[in-house]
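Colleague: Residue numbering for the sequence shown follows the numbering used here, beginning at 93 and increasing consecutively. No residue lacks a Cβ here, since even glycine has one placed at the ideal position from N, Cα and C. For clarity, every value in this text was computed on a predicted model and none was experimentally measured.
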Amino acid sequence: MADTKYGNGNGNENGALFNTSKRIVIKIGSSLLVDPGSGVKNQWLDSLIEDIASLNRNGAQILLVSSGAIALGRNMLDLPRRPLKLDESQAAAAVGQIELGRAWSAALSKQNLVPGQILLTLNDTEGQAGRRSYLNARDTIERLLAFGTVPVINENDTVATSEIRYGDNDRLAARVATMLGADLLVLLSDIDGLYTAPPDDNSTADFIETVEQITPQIEAMAGSAGSELSRGGMVTKIEAGKIATRAGTSMIIASGKRDHPIAAIQNGERCTLFAARPVKAGARKAWIAGQLETSGSIAVDEGAAGALIRGKSLLPAGVVGVSGSFSRGDAVAIRDVRGAVLGQGLIAYNSEEAELIKGAHSDDLADLLGYAGRRALVHRDDMALLDSSVKLDNKLED
Numbered sequence: 093m094a095d096t097k098y099g100n101g102n103g104n105e106n107g108a109l110f111n112t113s114k115r116i117v118i119k120i121g122s123s124l125l126v127d128p129g130s131g132v133k134n135q136w137l138d139s140l141i142e143d144i145a146s147l148n149r150n151g152a153q154i155l156l157v158s159s160g161a162i163a164l165g166r167n168m169l170d171l172p173r174r175p176l177k178l179d180e181s182q183a184a185a186a187v188g189q190i191e192l193g194r195a196w197s198a199a200l201s202k203q204n205l206v207p208g209q210i211l212l213t214l215n216d217t218e219g220q221a222g223r224r225s226y227l228n229a230r231d232t233i234e235r236l237l238a239f240g241t242v243p244v245i246n247e248n249d250t251v252a253t254s255e256i257r258y259g260d261n262d263r264l265a266a267r268v269a270t271m272l273g274a275d276l277l278v279l280l281s282d283i284d285g286l287y288t289a290p291p292d293d294n295s296t297a298d299f300i301e302t303v304e305q306i307t308p309q310i311e312a313m314a315g316s317a318g319s320e321l322s323r324g325g326m327v328t329k330i331e332a333g334k335i336a337t338r339a340g341t342s343m344i345i346a347s348g349k350r351d352h353p354i355a356a357i358q359n360g361e362r363c364t365l366f367a368a369r370p371v372k373a374g375a376r377k378a379w380i381a382g383q384l385e386t387s388g389s390i391a392v393d394e395g396a397a398g399a400l401i402r403g404k405s406l407l408p409a410g411v412v413g414v415s416g417s418f419s420r421g422d423a424v425a426i427r428d429v430r431g432a433v434l435g436q437g438l439i440a441y442n443s444e445e446a447e448l449i450k451g452a453h454s455d456d457l458a459d460l461l462g463y464a465g466r467r468a469l470v471h472r473d474d475m476a477l478l479d480s481s482v483k484l485d486n487k488l489e490d
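#1: Which value, in whole angstroms, describes the spacing of the CA atoms of R174 and R166?
#2: Pick out the complete beta strand (DSSP E) segments inside the segment 142-188, 3 residues or longer, and give them in chain order.
#3: For the segment 388-460, list the beta strand (DSSP E) runs that are entirely contained and at least 3 residues long, ordered along the chain.
#4: Assign G219 to one of two classes, buried (16 or more other C-beta atoms within 10 Å of its C-beta) or exposed (fewer than that).
#5: Can you pull the DSSP bridge partners for Y287?
#6: Could you pull out every unbroken alpha helix (DSSP H) segment of at least 4 residues lying fully inside the segment 330-359, listed in chain order?
#7: In the DSSP output, what is K119 paired with across the bridge?
#8: Straight-line CA distance for L461 to I390?
#9: Under 7 Å Cβ to Cβ from S443, same chain only, skipping five residues before and after it: list those, please.
#10: So, is N106 buried or exposed, given that buried needs 16 or more other C-beta atoms within 10 angstroms?
#11: Can you tell which of L125, R430, L147 has the C-alpha that lies nearest to the C-alpha of G188?
#12: Looking at the unbroken alpha helix (DSSP H) that takes in Q309, where does it start and where does it end?
#13: Below 7 Å between beta carbons: does that hold for I116 and L276?
#14: Confirm, please, whether the CB-CB distance from G465 to A457 is below 7 Å.
#15: Where A355 and T302 are concerned, what is the direct C-alpha to C-alpha distance, given to the nearest angstrom?
#16: Assuming I344 contacts T364 (C-beta within less than 8 Å), just tell me the rounded distance between them.
#17: Compare the C-alpha of E331 against each of S347, L279, L156 and name the closest.
#18: Taking 6 Å as the limit between beta carbons, can you name the residues of its chain near E314, skipping five residues before and five after?
#19: Please report how far the alpha carbon of D170 lies from the alpha carbon of G340, in whole angstroms.
#20: Measure from the alpha carbon of R450 to the alpha carbon of each residue in R235, I210, L469, then state which is nearest.
#21: Just tell me which of E445, D473, N134 has its CA closest to the CA of Y463.
#22: To the nearest angstrom, how far is the alpha carbon of S225 from that of P291?
#23: Determine the direct distance from the alpha carbon of E247 to that of I256, and round the result to whole angstroms.
#24: Determine the contact status of D284 and R235, defining contact as a CB-CB distance below 7 Å.
#25: Can you have a look at G437 and say buried or exposed, based on whether 16 or more other CB atoms are within 10 angstroms of its CB?
#26: Can you grab the Cα-Cα spacing for the pair G160 / L192, in whole Å?
#27: As a quick exercise: from G348, V268, E180, pick the residue whose alpha carbon is nearest that of S122.
#28: In whole angstroms, what is the alpha-carbon distance linking L178 and G151?
#29: Does DSSP put F239 in a helix, a strand or coil?
#30: Between which two residues does the beta strand (DSSP E) harbouring A476 extend?
#31: Once the 5 residues before and after T232 are set aside, which same chain residues still bring their CB inside 8 Å of it?
#32: Apply the 10 Å Cβ neighbour rule to T112 and answer buried if 16 or more other Cβ atoms are within range, or exposed otherwise.
#33: To the nearest angstrom, how far is it from the Cα of D351 to the Cα of L140?
#34: Specify, as a first and last residue, the run of the alpha helix (DSSP H) that T270 falls within.
#35: Within 10 angstroms of the Cβ of T270, are there 16 or more other Cβ atoms? Answer buried if so, exposed if not.
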């Protein structure tokens with residue numbers, strides 16, 4: 093298969109990938125974290141946190157996507173070992189989420205790390221209807237990272253219906269990684285990577301070391317079953333890989349069954365690397381540019397127009413006009429002083445607030461608004477310019 097490399101691991105290459113990644117999302121499956129009889133596997137969890145602390149000391153920001161709430165709640169409520177009904181799952185999640193948060197807090201505190209809990213639903217990261225939720229979730233997580241905390245993220249199983257579920261935390265982790273612009277996504281599982289066929293059913297299946305591109309042949313290799321405690325399987329991990337790599341995030345599938353699972357990957361233990369695909373503006377920029385109807389427009393002066401072309405966010409100081417009626421999270425057109433459309437983006441304020449702060453310096457926003465507002469009127473990550481030659485680089489500084 094031209095799209096894969098076979099072997100016994102990526103060796104020091106994966107260690108180097110950890111060293112160069114500044115933002116890493118790590119997903120932990122229920123079967124790794126929860127024992128069906130005794131609850132949280134505290135020794136394993138402590139070893140993982142030691143790995144995370146090491147990454148943190150090396151300058152990486154870490155986000156954790158943790159399964160386990162339903163599994164813990166099932167134990168605590170002594171629910172039968174059968175597929176749970178939706179309301180039973182939600183009740184189990186409500187009980188288990190408290191215990192899950194306590195376990196993460198206790199483990200992280202041993203390494204002087206502060207957790208921050210985030211519960212998300214599908215609408216918070218996907219779909220046009222969730223734009224405001226998307227902005228709120230991303231801004232909150234960004235602030236937590238700026239404060240030096242370790243966000244611990246899970247699906248909000250207590251309120252999500254079957255129609256608005258991620259269905260597994262592999263997909264949630266991929267969405268979080270793309271939403272936060274992570275360099276690397278690590279899916280810790282009960283299997284050490286991707287095989288040409290499910291290895292439990294086929295003893296001759298070959299291990300795949302690197303996937304350069306997810307093709308239909310790669311998708312066909314995935315099995316369909318997860319463990320008793322996991323809703324996911326290799327199918328959901330391949331789907332997560334498609335989401336992550338298309339947005340420029342590399343992904344690793346590795347076994348989490350051993351202690352110190354991240355250190356093991358860094359030291360050359362076998363895993364499958366899904367290589368990030370090169371991105372320019374990205375699918376999200378294309379979505380903002382071409383698939384959203386605008387609810388108003390913002391006119392900017394020449395200085396602001398030049399700053400946007402250099403990849404900066406739009407600050408209130410550069411705004412000379414506001415038109416239309418819009419809410420926070422709506423798409424607005426961005427125009428120059430002659431009325432030409434430069435692009436469009438998702439606005440961080442409603443139309444009344446935008447009118448109030450147009451032309452204002454960022455230091456004056458609190459006095460004008462009555463609260464400490466966001467510095468950018470339209471953040472560069474939420475903006476798509478029409479000129480294809482514009483450098484849309486999310487890593488540029490404001």
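Modeller: From the atom records:
#1: One-based indexing of the sequence shown puts residue 174 at position 82. One-based indexing of the sequence shown puts residue 166 at position 74. C-alpha separation (whole angstroms): 10 Å.
#2: 153-158
#3: 388-392, 411-416, 423-427, 433-438
#4: Here residue 219 refers to the residue found at position 127 of the sequence shown. Because G219 carries a pLDDT of 47, less than 50, the predicted location of this residue cannot be relied on, and the following value inherits that uncertainty. G219 should be labelled exposed.
#5: The sequence position of residue 287 within the sequence shown is 195, counting from 1. Per DSSP, F299.
#6: 353-358
#7: Counted from its first residue, the sequence shown places residue 119 at position 27. In the DSSP output, where bridge partners are listed per residue, K119 has V157, L279.
#8: For the purposes of this step, residue 461 is identified with residue 369 of the sequence shown, where counting begins at 1. For the purposes of this step, residue 390 is identified with residue 298 of the sequence shown, where counting begins at 1. L461 and I390: Cα-Cα distance of roughly 18 Å.
#9: On the sequence shown, residue 443 is found 351 positions in, with the first residue counted as 1. Once the five neighbours on either side are set aside, the close Cβ partners of S443 are G388, V414, G416, S417, F418.
#10: For this step, residue 106 is matched to residue 14 along the sequence shown. Buried, since its Cβ has 16 or more Cβ neighbours within 10 Å.
#11: Taking the first residue of the sequence shown as position 1, residue 188 is located at position 96. When only C-alpha atoms are compared, the closest one is L125.
#12: Position 217 of the sequence shown, counting from 1, holds the residue named residue 309. Residues 308-312.
#13: By one-based count along the sequence shown, residue 116 stands at place 24. By one-based count along the sequence shown, residue 276 stands at place 184. Against a cut-off of 7 Å, the Cβ pair of L276 and I116 comes out as a contact.
#14: On the sequence shown, position 365 is the one that residue 457 refers to. On the sequence shown, position 373 is the one that residue 465 refers to. A small fix is needed here, since residue 457 is Leu in this sequence, not Ala. A contact, by the Cβ cut-off of 7 Å.
#15: Within the sequence shown, numbered from 1, the residue matching residue 355 stands at position 263. Within the sequence shown, numbered from 1, the residue matching residue 302 stands at position 210. Rounded to whole angstroms, A355 to T302 spans 19 Å at the Cα level.
#16: Taking the first residue of the sequence shown as position 1, residue 344 is located at position 252. Taking the first residue of the sequence shown as position 1, residue 364 is located at position 272. That pair is a contact at about 7 Å.
#17: The sequence position of residue 331 within the sequence shown is 239, counting from 1. Per the Cα distances, L279.
#18: Within the sequence shown, the letter at position 222 stands for residue 314. Correcting the residue identity first, residue 314 is Ala in this sequence and not Glu. For A314, where only same-chain residues beyond five positions count, the Cβ hits under 6 Å are M326, V327, I330.
#19: To locate residue 170, count along the sequence shown from 1; it is residue 78. To locate residue 340, count along the sequence shown from 1; it is residue 248. Looking at the two C-alpha atoms, the distance is approximately 43 Å.
#20: Reading the sequence shown from its first residue, position 358 is the one you call residue 450. The identity of residue 450 in the sequence shown is Lys, whereas the question assumes Arg. Among R235, I210, L469, the Cα nearest to that of K450 belongs to L469.
#21: Position 371 of the sequence shown, counted from the start, is the residue given in the question as residue 463. Nearest of E445, D473, N134 to Y463, Cα basis: E445.
#22: Sequence index remark: in the sequence shown, residue 225 carries index 133 (1-based). Sequence index remark: in the sequence shown, residue 291 carries index 199 (1-based). Cα to Cα, the separation comes out at about 40 Å.
#23: Within the sequence shown, residue 256 is the residue found at index 164, counting from 1. Within the sequence shown, residue 247 is the residue found at index 155, counting from 1. For I256, the predicted structure reports a pLDDT of 38, less than 50, and the residue's modelled location is therefore unreliable. A value from the coordinates is still provided. Their Cα atoms are separated by approximately 11 Å.
#24: Here residue 284 refers to the residue found at position 192 when the sequence shown is read from its first residue. Here residue 235 refers to the residue found at position 143 when the sequence shown is read from its first residue. No, Cβ-Cβ distance for D284 and R235 is not below 7 Å.
#25: On the sequence shown, residue 437 is found 345 positions in, with the first residue counted as 1. Answer is buried; the Cβ neighbour count reaches 16.
#26: Walking along the sequence shown from the start, residue 160 turns up at place 68. Walking along the sequence shown from the start, residue 192 turns up at place 100. Rounded to the nearest angstrom, the two C-alpha atoms are 7 Å apart.
#27: Within the sequence shown, numbered from 1, the residue matching residue 122 stands at position 30. Of the candidates G348, V268, E180, the one whose C-alpha sits nearest the C-alpha of S122 is G348.
#28: Here residue 178 is taken as the residue at index 86 of the sequence shown, counted from 1. Here residue 151 is taken as the residue at index 59 of the sequence shown, counted from 1. The straight-line gap from Cα to Cα measures roughly 41 Å.
#29: Stepping through the sequence shown from its first residue, residue 239 is reached at position 147. In this structure, F239 counts as coil in the three-state DSSP scheme.
#30: In the sequence shown, counting from the first residue as 1, residue 476 sits at position 384. Under the DSSP assignment, A476 falls in the beta strand (DSSP E) whose first and last residues are 475-477.
#31: For the purposes of this step, residue 232 is identified with residue 140 of the sequence shown, where counting begins at 1. For T232, where only same-chain residues beyond five positions count, the Cβ hits under 8 Å are I210.
#32: Looking up residue 112 in the sequence shown gives position 20. Looking at its Cβ environment, which holds fewer than 16 other Cβ atoms inside 10 Å, T112 is exposed.
#33: By one-based count along the sequence shown, residue 351 stands at place 259. By one-based count along the sequence shown, residue 140 stands at place 48. Roughly 7 Å between the two C-alpha positions.
#34: Residue mapping note: residue 270 aligns to position 178 of the sequence shown, counting from 1. That run of the alpha helix (DSSP H) goes 261-271.
#35: On the sequence shown, residue 270 is found 178 positions in, with the first residue counted as 1. With 16 or more other Cβ atoms within 10 Å, it is buried.
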